[in-house]
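Numbering (the numbering used here), first residue to last: 17 to 411.
Using N, Cα and C, we set each Cβ at its ideal position, and we do this for glycine too.
First the structure, in the form of structure tokens, and then the observations on it.
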Ligand SMILES: *Cc1c(COP(=O)(O)O)cnc(C)c1O
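Listed below in structure tokens is the structure:
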């Protein structure tokens, strides 16, 4: 880089292409090596006893995990990042790191359902009390729920399946005023569309399984942290004994290189279909934060720089039978869990576990992941789904 350009911060796409790995550190190859490792050898006992050697044991990190950690830290604006074997482990690790018996945990009610299950089982057994708050509670409402024992405030925006938005900065400020740590599941937006640490969050969580992997062929998670919270996070990760496996870690490095271009398509196609669905009879509501008529739209617009390809529709009336008719008529959309891959998926959302944020009342909620297929084919497929519900009603 020329001297007169030194002050210019490269764009995010440039940083993804060139971050994490210096080719000169590995014979000039543009990609980092896939290092499969347990034992690392030391030249002598003095080196073994000291801290001078960078790599010491497979669990503790390799050039492969270092490369992905560095890329994600760069994207999140974080001090550092840890890798874990799934997105769910990226939720549970920081909770285990920061919570102790007697602590109080505040969680947004539209949280990813397995996060709730972890709180209700393992954390409960550990003596942690979890309380759920409505996503529209606002900062003052959150402040009223804070207790002297509140140690963690756990956010997710948009909410899983129903996409409620939060004012992340205002809520983080309330949490910090009460000395609580703020964690946010940022999987939907990816760090390309939202950087939680710039809005006061301490630990940003990702299911790398989704858009970063992008091809439905791996599972991995990450937690990116501020300098103040990173030490405790890494210490707990090592105490538990988990890290990213080399091949999955490498596949996420590979996936990140194309994530920005994939997301542009996911974003455009999803919004186009969401707008079309809004006008369709048989659809009561479309839950997509980038739609101007959506409740959380203003919050989304103020804080996020884009939308990914996952949203939901609420059918106009009906229940399990209507949802099944819609889903079984789809030919291109697959019926399956997870999202963020190249292929379109549809799933019937069970929202029965919500405590304060009730499920939409108009009809069943169906979540759609818009993949990289031709959008007009997806539209025809959704049309067939809606026609199957209409046919059922007329039968
Ligand atoms: C999928 C998902 C996870 C869990 O990721 P896995 O890799 O499937 O364990 C966590 N949070 C959110 C919001 C998710 O959508």
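Taking 6 angstroms as the limit between beta carbons, can you name the residues of its chain near residue i, skipping five residues before and five after?
i	result
residue 400	345
residue 409	none
residue 209	320, 321, 322
residue 207	91, 92
residue 163	120
residue 190	155, 158, 159
residue 18	For residue 18, the predicted structure reports a pLDDT of 47, less than 50, and the residue's modelled location is therefore unreliable. A value from the coordinates is still provided. Excluding positions up to five away in sequence, the list is empty.
residue 192	none
residue 203	222, 223, 226
residue 7	Missing from the structure shown is residue 7; the chain here goes from 17 to 411 and no further.
residue 333	379
residue 144	115, 119, 121
residue 294	302
Tell me whether residue i, by its Cβ, gets closer than 6 angstroms to a heavy atom of ligand 1.
i	result
residue 200	no
residue 240	no
residue 128	yes
residue 103	yes
residue 265	no
residue 225	yes
residue 203	yes
residue 181	no
residue 235	yes
Might you give, ordered along the chain, the residues of its own chain that have their beta carbon closer than 7 angstroms to the beta carbon of residue i, omitting 5 neighbours on each side?
i	result
residue 84	36, 99, 260, 265, 268, 269
residue 113	248, 249, 252
residue 411	none
residue 195	none
residue 353	363
residue 43	none
residue 246	95, 96
residue 290	302, 304, 307, 327
residue 348	360, 389, 393, 394, 397
residue 105	237, 258
residue 298	331, 332, 402, 405, 406
If I'm right that residue i touches residue j with Cβ under 8 angstroms, what's the distance once you round it to whole angstroms?
i	j	result
residue 1	residue 329	Residue numbering for the chain in the displayed model covers 17 to 411; residue 1 lies beyond these limits and cannot be assessed.
residue 122	residue 166	6 angstroms
residue 373	residue 150	5 angstroms
residue 50	residue 262	5 angstroms
residue 327	residue 286	6 angstroms
residue 404	residue 310	Wrong, their Cβ atoms sit about 26 angstroms apart, outside the cutoff.
residue 102	residue 235	5 angstroms
residue 239	residue 198	So it is not a contact: roughly 13 angstroms between Cβ atoms.
residue 413	residue 73	For residue 413 there is no data in the structure shown, the boundaries of the chain being 17 and 411.
residue 325	residue 288	About 11 angstroms separates the two Cβ atoms, so there is no contact after all.
residue 200	residue 172	7 angstroms
Can you list, in chain order, the residues of its chain with a C-beta nearer than 8 angstroms to that of residue i? Leave out the 5 residues immediately preceding and following it.
i	result
residue 358	230, 231, 232, 278, 387, 388
residue 335	379, 380
>> Would you call the segment 169–179 in contact with the segment 118–128, where contact means no fewer than 3 C-beta pairs closer than 8 angstroms?
In response: The segment 118–128 and the segment 169–179 touch, with three or more beta-carbon pairs separated by less than 8 angstroms.
> Pairing CB atoms from the segment 184–191 with CB atoms from the segment 207–217, are three or more of them under 8 angstroms?
Replying inline: Below 8 angstroms, enough C-beta pairs join the segment 184–191 and the segment 207–217 to call them touching: three or more.
> Any chance the segment 83–103 sits against the segment 255–264, with 3 or more Cβ pairs inside 8 angstroms?
Replying inline: Result yes; three or more Cβ-Cβ pairs closer than 8 angstroms.
> Are the segment 155–166 and the segment 130–139 in contact at 8 angstroms, needing three or more beta carbon pairs?
Replying inline: These segments do not touch.
>> Assess contact between the segment 310–318 and the segment 374–393, defined as three or more Cβ pairs (one per stretch) separated by less than 8 angstroms. Is contact present?
In response: With a cut-off of 8 angstroms, the segment 374–393 and the segment 310–318 do not count as touching, because too few Cβ pairs lie within range.
>> For a minimum of 4 consecutive residues, which ranges assigned as the alpha helix (DSSP H) are wholly contained in the segment 330–395?
In response: 336–344, all fully within the segment 330–395.
> Can you list the alpha helix (DSSP H) stretches of 4 or more residues lying completely in the segment 126–200, in chain order?
Replying inline: Here the runs fully enclosed are 129–134, 154–161, 184–193.
> Taking contact to mean at least 3 C-beta pairs separated by less than 8 angstroms, is the segment 102–122 in contact with the segment 87–94?
Replying inline: No: the two stretches stay apart, fewer than three of their Cβ pairs being nearer than 8 angstroms.
>> Would you call the segment 364–382 in contact with the segment 271–281, where contact means no fewer than 3 C-beta pairs closer than 8 angstroms?
In response: Note that the segment 364–382 does not touch the segment 271–281; fewer than 3 beta-carbon pairs, one per stretch, sit closer than 8 angstroms.
> Which full runs of the alpha helix (DSSP H) of 4+ residues lie inside the segment 36–85, going along the chain?
Replying inline: Segments of the alpha helix (DSSP H) lying fully in the segment 36–85: 61–65.
> What runs of the alpha helix (DSSP H), each 4 residues or longer, lie entirely inside the segment 263–342?
Replying inline: With a minimum length of 4 residues, the continuous alpha helix (DSSP H) runs that stay inside the segment 263–342 are 313–319.
> Taking only runs of the alpha helix (DSSP H) that begin and end inside the segment 79–123, which ones reach a length of at least 4 residues, in chain order?
Replying inline: Fully enclosed alpha helix (DSSP H) runs of 4 or longer: 79–92, 103–114.
> Along the chain, which unbroken stretches of the alpha helix (DSSP H) at least 4 residues long are found entirely within the segment 218–260?
Replying inline: Counting only runs that start and end inside the segment 218–260, the alpha helix (DSSP H) elements of at least 4 residues fall at 243–256.
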